[in-house]
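Undergrad:
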Amino acid sequence: MNAALSDPLARKGALTSLEEVERRRCKALMDGDVEALGSLLSDDLVHIHLTGKIDDKAGYLSGFKSKFIFKDVERGPLDIRVWDECAVMIGRLTQTIVVRETGERHDIRAVTSQTWRRVEGRWLQTTCHNAPVSD
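Anchor point for the sequence shown: position 81 equals 81 in the UniProt record's numbering, and the numbering is continuous, going up by one each time.
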């Protein structure tokens, strides 16, 4: 058993930190803040979009900057599991995005699975995989 799971205070601290970093990630999306968003992502990020398209960090940030405007981003309850310096975060995601080029609006309901790695005391997202919500 690792410290994050066996020590209730360490576990609570990790959960609080992860919830906060996810809140900051959602805020960066809403604010269109590429720098803030990039600072929360690992250099080896793998992002799998709802369409199945796969991006690395550079591709994801480029698309974020040039293709979409995030009008709303909301997370449902999060199931967070922590092991030492790694964590998995699973939960519902509701967001409204607008395609910059066409003005087309998309209301998205998904379930998202993310992995996070703690590097020098900071949690960085290493993967994000989105899938449609089944009713």
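Where is the CB? At the ideal position from N, CA and C, for every residue including glycine.
#1: Where does the unbroken alpha helix (DSSP H) through Gly13 begin, and where does it stop?
#2: Could you tell me whether the Cβ atoms of Thr96 and Ser42 are closer together than 9 Å?
#3: Just to confirm before moving on: does the CB-CB distance between Ala58 and Leu40 stay below 9 Å?
#4: For the alpha helix (DSSP H) that contains Leu61, what are its first and last residues?
#5: Using the Cα positions of Arg92 and Asp7, report the straight-line distance between them to the nearest angstrom.
TA: From the atom records:
#1: First-last of the alpha helix (DSSP H) with Gly13: Pro8 to Asp31.
#2: Against a cut-off of 9 Å, the Cβ pair of Ser42 and Thr96 comes out as no contact.
#3: No. Outside cutoff.
#4: Here the alpha helix (DSSP H) through Leu61 covers Lys57 to Ser66.
#5: Straight-line Cα distance between these residues: approximately 28 Å.
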